[in-house]
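In this note's numbering, the protein residues as written are 9 to 157.
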Amino acid sequence: MAPTSSIQVYMASHTTFKKRRWGYRLALPDRTIRRTGATPYAYTGPAMGIVVLIKALRHLRRLRLTHFPLALTTNIKTVELVLTYQRLADWAAHDWPPTIELVDLWQLADAELRHFPAYTVQWTPDRYRRVDWLVKPTHPHRSQHHRRQ
9 MAPTSSIQVY
19 MASHTTFKKR
29 RWGYRLALPD
39 RTIRRTGATP
49 YAYTGPAMGI
59 VVLIKALRHL
69 RRLRLTHFPL
79 ALTTNIKTVE
89 LVLTYQRLAD
99 WAAHDWPPTI
109 ELVDLWQLAD
119 AELRHFPAYT
129 VQWTPDRYRR
139 VDWLVKPTHP
149 HRSQHHRRQ
């Protein structure tokens with residue numbers, strides 16, 4: 009029986025002074041998982057976008073959730089454009105032309121996406137705060153620091 013709902017995957021990357029931060033949140037049928045990390049500043053923004061996509065997909069594969077379709081939401085425009093316009097399939101059909109930037113990462117992403125039956129992708133700018141909070145440090149509100157006695 010085919011699943012009727014999809015897994016929500018929220019992905020973001022953000023540049024800080026010395027590092028590029030990434031994060032993803034997986035909204036699963038029974039729980040939510042959030043992971044964050046950082047890589048050296050030498051990574052480009054598009055490279056970080058592909059890396060976070062690969063990490064999220066591999067996590068889902070380890071959980072054996074490849075039978076669900078995916079609803080991807082990202083603040084990474086390069087990822088959204090490539091996935092929306094089916095560029096991975098075009099590149100694979102043409103034996104991955106050498107002019108593609110970051111071809112090794114895109115090949116890994118393509119291999120991971122092939123494990124899932126379908127996906128949709130939506131881009132959301134940081135200003136709407138739908139995914140950028142994944143990579144920004146969180147500070148507890150003052151009220152959370154005080155205990156009632």
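Backbone N, C-alpha and C fix where the C-beta goes; we use that ideal spot for every residue, glycine too.
Check your understanding: So, is Leu89 buried or exposed, given that buried needs 16 or more other C-beta atoms within 10 angstroms?
Key -> The Cβ neighbour count for Leu89, taken over all protein chains shown within 10 Å, is under 16; the residue is labelled exposed.
Review point. By Cβ distance, which residues of its chain are closer than 8 angstroms to Glu109, with the 5 residues on each side in sequence left out?
Key: Closer than 8 angstroms at Cβ, skipping near neighbours: Pro54.
**Study point:** Helix, strand or coil at Ile84 according to DSSP, with G and I counted as helix
**Key:** DSSP places Ile84 outside both helix and strand once states are collapsed to three, so it counts as coil.
Practice item. Given a cut-off of 8 angstroms, decide if Arg95 and Val63 are closer than it, judged by their beta-carbon atoms. Key: Looking at the sequence itself, residue 63 is Lys, so the reference to Val does not match. Cβ atoms of Lys63 and Arg95: not closer than 8 angstroms.
Check your understanding: Does the count of Cβ pairs from the segment 71-80 and the segment 124-132 closer than 8 angstroms reach three?
Key -> Touching, yes, given that three or more Cβ pairs across the two stretches are closer than 8 angstroms.
Check your understanding: Thr44 by DSSP, collapsed to three states: which one?
Key -> In the structure shown, Thr44 sits in a strand (DSSP, three-state: E or B).
Review point. Can you find a CB in chain B that lies within less than 8 angstroms of the CB of Ala100?
Key: Reference to chain B is not applicable here, since this structure consists of a single protein chain.
Check your understanding: Measuring CA to CA, which of Leu65, Leu71 and Ala35 is closest to Thr116?
Key -> Inspection of the sequence shows that residue 116 is occupied by Leu rather than by Thr. Checking every option, the nearest Cα to that of Leu116 belongs to Leu65.
Practice item. Could you tell me which residues DSSP pairs with Trp30 in its beta bridges? Key: Residue pairing of Trp30 in beta bridges, as defined by DSSP: Ser21 and Gly45.
**Study point:** His67 vs Leu91 beta-carbon contact at 8 angstroms
**Key:** The answer is no: Cβ separation not under 8 angstroms.
Review point. Should Ser13 go down as buried or exposed, given a rule of 16 or more other Cβ atoms within 10 Å for buried?
Key: Around the CB of Ser13, fewer than 16 other CB atoms lie within 10 Å, so the residue is classed as exposed.
Review point. For Trp114, which of helix, strand or coil comes out of DSSP?
Key: When DSSP states are grouped into helix, strand and coil, Trp114 belongs to the helix group.
Check your understanding: What does a CB cutoff of less than 6 angstroms around Gln16 pick up in its chain, not counting 5 residues either side in sequence?
Key -> Only Ala35 and Ala79 meet the Cβ criterion.
Point to revise | Residue interval of the beta strand (DSSP E) (run including Trp104) | key: Per DSSP, Trp104 lies in no beta strand (DSSP E) and is assigned neither H nor E.
Check your understanding: If you compare alpha carbons, which of Glu120, Gln130 and Pro133 is closest to Val59?
Key -> The shortest Cα separation from Val59 among Glu120, Gln130 and Pro133 belongs to Glu120.
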